[in-house]
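In this note's numbering, the protein residues as written are 838 to 922.
Here is the structure we will look at, set down as C-alpha coordinates.
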Amino acid sequence: QTTPNPKAQADGVKTAYDKAGIDPRTVTYIEAHGTGTELGDPVEINGLKAAFKELYEKTGDPAVHGSHCGLGSAKTNIGHLSLAA
838 QTTPNPKAQA DGVKTAYDKA GIDPRTVTYI EAHGTGTELG DPVEINGLKA AFKELYEKTG
898 DPAVHGSHCG LGSAKTNIGH LSLAA
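In C-alpha coordinates form, the structure reads like this:
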(Lines of atoms letter the chains of each structure in order from A; the text may use other names.)
(Lines give C-alpha, C1' and ligand atoms only; values in the text may rest on other atoms or scores of the structure.)
Protein backbone atom coordinates (compact mmCIF):
# COMPACT_ATOMS: atom_id res chain seq x y z
CA GLN A 838 0.00 0.00 0.00
CA THR A 839 1.31 3.42 -0.90
CA THR A 840 -1.82 5.41 -0.07
CA PRO A 841 -3.83 4.72 3.09
CA ASN A 842 -6.88 2.65 2.19
CA PRO A 843 -9.21 1.22 4.87
CA LYS A 844 -10.54 -1.58 2.63
CA ALA A 845 -7.04 -2.73 1.70
CA GLN A 846 -6.03 -2.51 5.37
CA ALA A 847 -9.04 -4.62 6.40
CA ASP A 848 -8.45 -7.15 3.62
CA GLY A 849 -4.80 -7.56 4.64
CA VAL A 850 -5.68 -8.14 8.29
CA LYS A 851 -8.46 -10.61 7.43
CA THR A 852 -6.23 -12.56 5.04
CA ALA A 853 -3.38 -12.75 7.56
CA TYR A 854 -5.65 -13.85 10.42
CA ASP A 855 -7.44 -16.42 8.23
CA LYS A 856 -4.19 -17.92 6.92
CA ALA A 857 -2.69 -18.05 10.41
CA GLY A 858 -5.86 -19.51 11.92
CA ILE A 859 -6.12 -16.74 14.52
CA ASP A 860 -9.41 -16.48 16.38
CA PRO A 861 -10.11 -12.72 16.66
CA ARG A 862 -11.58 -13.27 20.13
CA THR A 863 -8.09 -14.17 21.41
CA VAL A 864 -6.45 -10.91 20.28
CA THR A 865 -5.79 -8.60 23.22
CA TYR A 866 -3.23 -6.17 21.75
CA ILE A 867 -2.35 -4.78 18.33
CA GLU A 868 0.82 -2.88 17.54
CA ALA A 869 -0.33 -0.31 14.99
CA HIS A 870 1.72 1.64 12.46
CA GLY A 871 0.55 4.86 14.11
CA THR A 872 1.83 7.49 11.72
CA GLY A 873 0.31 10.26 13.79
CA THR A 874 -1.20 11.86 10.68
CA GLU A 875 -4.75 13.08 10.09
CA LEU A 876 -5.03 10.75 7.09
CA GLY A 877 -3.13 7.65 8.16
CA ASP A 878 -4.39 7.02 11.68
CA PRO A 879 -8.15 7.10 10.93
CA VAL A 880 -7.63 4.84 7.91
CA GLU A 881 -5.68 2.35 10.00
CA ILE A 882 -8.27 2.35 12.80
CA ASN A 883 -11.22 2.07 10.40
CA GLY A 884 -9.49 -0.78 8.57
CA LEU A 885 -8.93 -2.65 11.84
CA LYS A 886 -12.53 -2.06 12.93
CA ALA A 887 -13.87 -3.37 9.62
CA ALA A 888 -11.57 -6.40 9.68
CA PHE A 889 -12.49 -7.39 13.22
CA LYS A 890 -16.20 -6.89 12.54
CA GLU A 891 -16.01 -9.35 9.64
CA LEU A 892 -13.72 -11.76 11.50
CA TYR A 893 -16.14 -11.82 14.45
CA GLU A 894 -19.09 -12.42 12.12
CA LYS A 895 -17.31 -15.55 10.84
CA THR A 896 -17.11 -16.92 14.38
CA GLY A 897 -20.85 -16.48 14.88
CA ASP A 898 -20.10 -14.49 18.04
CA PRO A 899 -21.89 -11.13 17.98
CA ALA A 900 -19.87 -9.86 20.97
CA VAL A 901 -17.46 -7.73 18.91
CA HIS A 902 -19.02 -4.58 20.38
CA GLY A 903 -18.37 -5.74 23.94
CA SER A 904 -14.80 -6.87 23.28
CA HIS A 905 -11.69 -4.90 24.14
CA CYS A 906 -8.27 -4.88 22.53
CA GLY A 907 -5.31 -2.72 23.47
CA LEU A 908 -3.81 -0.65 20.68
CA GLY A 909 -0.39 0.94 20.67
CA SER A 910 2.36 2.23 18.44
CA ALA A 911 6.00 2.42 19.40
CA LYS A 912 6.69 4.64 16.38
CA THR A 913 4.37 7.32 17.73
CA ASN A 914 6.20 7.26 21.05
CA ILE A 915 9.81 7.20 19.82
CA GLY A 916 9.60 8.65 16.33
CA HIS A 917 10.86 7.41 12.99
CA LEU A 918 14.24 5.73 13.26
CA SER A 919 15.48 6.30 9.71
CA LEU A 920 18.76 7.72 10.93
CA ALA A 921 19.31 4.77 13.27
CA ALA A 922 18.94 2.35 10.37
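Every residue, glycine too, gets a C-beta built ideally from N, C-alpha and C.
Out of the options, state which residue places its alpha-carbon closest to the alpha-carbon of residue i.
i: T896; options: T863, Q846, A845; result: T863
i: H905; options: N914, K912, A853, L885; result: L885
i: T913; options: I859, G873, I882; result: G873
i: P841; options: N883, I859, G858; result: N883
i: K890; options: P861, A845, H917, D878; result: P861
i: I915; options: D898, G903, H870, E875; result: H870
Compute the distance between the beta-carbons of residue i and residue j, then report whether it is under 9 Å.
i: L892; j: Y866; result: no
i: E868; j: A911; result: yes
i: A887; j: K844; result: yes
So within the segment 851-907, which uninterrupted beta strand (DSSP E) runs reach at least 3 residues, ignoring any that extend past its ends? The qualifying runs are 866-868.
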